[in-house]
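Scroll down for the structure; my scribbles are underneath it.
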Amino acid sequence: MAIKVNVPGLATTVQDLGRPGYYHLGIPLSGAMDRFALRAANMLVGNDEGAAVLEAVFMGPELEFTSDAMVAVTGAELPPKVDGELRETWASFRVKAGQVLSFDFLKKGARAYIAISGGVDVPVVLGSRSTYALGALGGHEGRKLQAGDQLPVGAISKSVKEGLSVPAALRRGPTNIAELRVLTGLYWHRITDAAGNQFFEDVWKVALEADRIGYRFKGGKPLEFVPRTPPFGAGSDPSNIVDACYPYGSIQIPGGTEPIVLHRDAVSGGGYFMVGTIISADMDLIGQLQPHTPSKFVAVDMKTALAARRDRAAMLDKVRTALS
Amino acid sequence: MSSRYSFGGDEHIFVEVSEEMSLEAFFKTLSMTNAVRDSKIKGVTEICPANASFQIKFDPDVISPDDMLRELKRLEQNAEKADHSLKTRIIEIPVFYNDPWTHETLMRFRERHQDPKSTDIEYAARINNLSGIDGFIKAHSGSPWFVSMVGFVAGLPFLYQMVDRKRQIEVPKYLRPRTDTPKLTVGHGGCFGCIYSVRGAGGYQMFGITPMPIYDPKQEIKYLRDFMVFFRPGDIVKWKPIDRVAYDATVADVEAGKFAPRMRDVTFSLDEFHKDIDGYNHKLEGALNGN
Chain S
1 MAIKVNVPGL
11 ATTVQDLGRP
21 GYYHLGIPLS
31 GAMDRFALRA
41 ANMLVGNDEG
51 AAVLEAVFMG
61 PELEFTSDAM
71 VAVTGAELPP
81 KVDGELRETW
91 ASFRVKAGQV
101 LSFDFLKKGA
111 RAYIAISGGV
121 DVPVVLGSRS
131 TYALGALGGH
141 EGRKLQAGDQ
151 LPVGAISKSV
161 KEGLSVPAAL
171 RRGPTNIAEL
181 RVLTGLYWHR
191 ITDAAGNQFF
201 EDVWKVALEA
211 DRIGYRFKGG
221 KPLEFVPRTP
231 PFGAGSDPSN
241 IVDACYPYGS
251 IQIPGGTEPI
261 VLHRDAVSGG
271 GYFMVGTIIS
281 ADMDLIGQLQ
291 PHTPSKFVAV
301 DMKTALAARR
311 DRAAMLDKVR
321 TALS
Chain A
325 MSSRYSFGGD
335 EHIFVEVSEE
345 MSLEAFFKTL
355 SMTNAVRDSK
365 IKGVTEICPA
375 NASFQIKFDP
385 DVISPDDMLR
395 ELKRLEQNAE
405 KADHSLKTRI
415 IEIPVFYNDP
425 WTHETLMRFR
435 ERHQDPKSTD
445 IEYAARINNL
455 SGIDGFIKAH
465 SGSPWFVSMV
475 GFVAGLPFLY
485 QMVDRKRQIE
495 VPKYLRPRTD
505 TPKLTVGHGG
515 CFGCIYSVRG
525 AGGYQMFGIT
535 PMPIYDPKQE
545 IKYLRDFMVF
555 FRPGDIVKWK
565 PIDRVAYDAT
575 VADVEAGKFA
585 PRMRDVTFSL
595 DEFHKDIDGY
605 NHKLEGALNG
615 N
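Residue numbers (the numbering used here), protein chains in the order written: chain S, 1 to 324; chain A, 325 to 615.
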């Protein structure tokens, strides 16, 4: 079976859980920015948790089905419609051959995950179906969807009931002010103590330059650097370092002005200092932030980071139990 | 040289071998990342060497961050003893310096440059005390370069010039990054050269363009069929200046599937290199030319 893309949406891409193992060659993990939502969407339609789905940002696509399928939409509140009739998010619903799946306006969040029973069956490249658009790799022809694309869908492995849903308490959406927990480190020592305090006190806002590569934040005060003689090879700006690797979730601040948090399609390295890294438990949340969302960085220690990671895993287990 | 360790969140350890760039720091980085690979520590998912630092990504559900840190520190002691030699390859990369495509691009972004009145290559020649474009090309292509990191975007090599520090070309990055760079641009920022593997944003000065593709996600180009990325850290590169006619001929050869990169396997010894830099480079070039 195949799905015909009538209208592509803003930047709809095929994503799964990503492509580990090639970051040392500049090929990033990619995959769903909100991995929890991807897993939940797949469970709702009876797929393996890591099957490929469509990730739609801000605007949904319009898709025409050529055979019957079970569908679920999770993540952002982007209400799905079947032949114009509204359906619930975070719940499974049937789409029959010839019917059209479209979307109402975005109510909350940024990225919706559209799982289709059988999974989107584009070719596996380096172990994953995820799209890495900057490198024209994976997904559907290495790019975001275009009108007229035909997406292959895999064979249905397990049939599930219509109306299955994730309990509201287990859905994680963005709050009014996003709190992003940070483990400081990397080149934290490059800024003064006063600047370090300021960084955590300021309320930042998500900038318009926020995509799968990274999220930029604006509105905080510029950071003051500790004076130094530039090390050979680093460059003269106080925010420069000898080009190094960038962790996923690392926070670089070019020129000390606007922090950029690298996400799933991260550039793998470069010459800007980083003040720390967003903890793994909060990476999904970043993928659901809209531009202008007020955000605070909150300093935590490793113990808290690991506890938060366990909490997220426990939450996912509850979804598994609820849907089994 | 004692390394500085830092956690990058709960999934990465970042190790700064040296704050400043040097071949010694690069060699230690390579031997430490090789040691991590060989040790097959459970839970390691990515091993990423950079110029003078490296990064390990791990799954904290499999190995605790503290245990991971202890393993790396243990490996550092062994890496100190590693000999400074490397089995690698030397590759000739043709470059059309001062080409019309990077020229068109640099003119479009002139207001983002330190010196809007000259081109990138004229500016780089002047601040490095080289005699004009010709003098610059001679210095740039006169000695081999080490690939000291692959990354930023897919398959992009960072290159470090194999001459003593006072002869290394150094230039600042653009005041504000460009939003466009032609694919296969040969660039330079700080002390590092690079080849842009894909078209896109960039902040390095632009000196020329190579007709030799280095990244092919479709894997249609013959020498990229086994793997889509050409470079690996430790490769040695020798630039070969070419003119428009040779550039066009090579592009046609690549399209016809007739082009194969010129390269030879070599063993590089850092100690021998330091004893006589120019003499050693001459020998490397000889190996490339089949002597």
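The beta-carbon is built from N, C-alpha and C at its ideal position, and this holds for glycine as well.
Quick one, are the C-beta atoms of K378/A and D243/S less than 8 Å apart? Counted from its first residue, the second sequence places residue 378/A at position 54. Counted from its first residue, the first sequence places residue 243/S at position 243. What sits at residue 378/A in the sequence shown is Phe, not Lys. Cβ atoms of F378/A and D243/S: not closer than 8 Å.
Just tell me which of I27/S, V57/S and G21/S has its CA closest to the CA of G367/A. Here the question's residue 367/A lines up with position 43 in the second sequence. Cα-wise, what sits closest to G367/A is G21/S.
Exposure label - N240/S; buried when at least 16 CB within 10 Å: Within the first sequence, residue 240/S is the residue found at index 240, counting from 1. Only buried fits N240/S, as 16 or more other CB atoms lie within 10 angstroms of its CB.
If contact is defined by three or more beta carbon pairs under 8 Å, each pair taking one atom from either stretch, is the stretch 538-548 of chain A in contact with the stretch 466-483 of chain A? Yes, they touch.
From what residue to what residue does the beta strand (DSSP E) around P373/A run? Numbered from 1 along the second sequence, position 49 holds the residue referred to as residue 373/A. Per DSSP, P373/A belongs to the beta strand (DSSP E) from V368 to P373.
Assuming H263/S and G287/S form a contact by the criterion Cβ under 8 Å, report the distance between their Cβ atoms to the nearest whole angstrom. Against the first sequence, residue 263/S aligns to sequence position 263. Against the first sequence, residue 287/S aligns to sequence position 287. The beta-carbon separation of H263/S and G287/S, rounded to 7 Å, stays under the 8 Å limit for a contact.
Three or more beta-carbon pairs under 8 Å between the stretch 108-119 of chain S and the stretch 67-74 of chain S, yes or no? Result yes; three or more Cβ-Cβ pairs closer than 8 Å.
Going by Cα to Cα distance, which pick from V14/S, L316/S and L126/S is closest to D149/S? For this step, residue 149/S is matched to residue 149 along the first sequence. When only C-alpha atoms are compared, the closest one is V14/S.
Using only CA atoms, which one of F58/S, V100/S, V203/S and A322/S lies nearest to P259/S? The residue you call residue 259/S lines up with position 259 of the first sequence. That would be V203/S, whose Cα lies nearest to the Cα of P259/S.
Would you please state the rounded distance, in angstroms, between the beta carbons of E343/A and P231/S? I believe it to be under 8 Å. Taking the first residue of the second sequence as position 1, residue 343/A is located at position 19. Taking the first residue of the first sequence as position 1, residue 231/S is located at position 231. That pair is a contact at about 4 Å.
Between the CA atoms of D121/S and L10/S - distance to the nearest angstrom: Within the first sequence, numbered from 1, the residue matching residue 10/S stands at position 10. Within the first sequence, numbered from 1, the residue matching residue 121/S stands at position 121. L10/S and D121/S: Cα-Cα distance of roughly 21 Å.
Just to confirm the assignment: which complete alpha helix (DSSP H) runs, minimum length 4, are found wholly within the stretch 21-82 of chain S? Within the stretch 21-82 of chain S, the complete alpha helix (DSSP H) runs of at least 4 residues fall at 35-44.
One or two residues paired with H512/A in a DSSP bridge: Your numbering for residue 512/A matches position 188 in the second sequence. Residue pairing from DSSP places H512/A in a beta bridge opposite G517/A and Q529/A.
Starting from M392/A, trace the alpha helix (DSSP H) both ways and give me its first and last residue. Indexing the second sequence from 1 puts residue 392/A at position 68. Counting along the chain, the unbroken alpha helix (DSSP H) around M392/A starts and ends at P389 to K405.
Whole-Å CB distance - T277/S paired with G185/S, under 8 Å assumed: As a position in the first sequence, residue 277/S is number 277, starting the count at 1. As a position in the first sequence, residue 185/S is number 185, starting the count at 1. So it is a contact: roughly 7 Å between Cβ atoms.
Give the list of continuous alpha helix (DSSP H) stretches no shorter than 4 residues that lie fully inside the stretch 253-284 of chain S. DSSP runs (the alpha helix (DSSP H)) wholly in the stretch 253-284 of chain S: none.
Give the secondary structure of N240/S by DSSP, where H, G and I count as helix, E and B as strand, and everything else as coil. Stepping through the first sequence from its first residue, residue 240/S is reached at position 240. In this structure, DSSP gives N240/S an extended state, which the three-state scheme calls strand.
For chain S, check one thing: does any of its Cβ atoms lie closer than 8 Å to the Cβ of L480/A? As a working note, residue 480/A is residue 156 in the second sequence. The Cβ of L480/A sits closer than 8 Å to at least one Cβ of chain S.
Proximal chain A residues relative to P152/S, where beta-carbon distance stays under 7 Å: Position 152 of the first sequence, counting from 1, holds the residue named residue 152/S. Under the 7 Å cutoff, chain A gives no residues; its nearest Cβ is about 18 Å from P152/S.
For a cutoff of 8 Å on Cβ pairs, would you count R489/A as touching chain C? Absent from the structure: chain C. Protein chains present are S and A.
DSSP state of A580/A, grouped into three classes? Counted from its first residue, the second sequence places residue 580/A at position 256. If DSSP states are grouped into helix, strand and coil, A580/A belongs with coil.
Does the beta-carbon of M33/S have 16 or more other beta-carbons within 10 angstroms, so that it is buried, or is it exposed? The count along the first sequence starts at 1 and reaches residue 33/S at position 33. Buried.
In the structure shown, what three-state DSSP assignment does Y113/S receive? Numbered from its first residue, the first sequence carries residue 113/S at position 113. Strand.
Fully enclosed by the stretch 207-242 of chain S, which beta strand (DSSP E) runs are 3 residues long or longer? You should have 214-218.
For a contact meaning CB atoms closer than 7 Å, what does Q379/A contact in chain S? Here the question's residue 379/A lines up with position 55 in the second sequence. C245 and P247, listed in chain order.
Alpha carbons only, please: which of G610/A, S465/A, V578/A and V471/A is nearest the one belonging to W563/A? The sequence position of residue 563/A within the second sequence is 239, counting from 1. Looking at the Cα atoms, S465/A is the closest of the given residues.
What number of angstroms, rounded off, separates the C-alpha of G524/A from the C-alpha of F420/A? Mapped onto the second sequence, residue 524/A falls at position 200. Mapped onto the second sequence, residue 420/A falls at position 96. Taking the straight line joining both Cα atoms gives about 20 Å.
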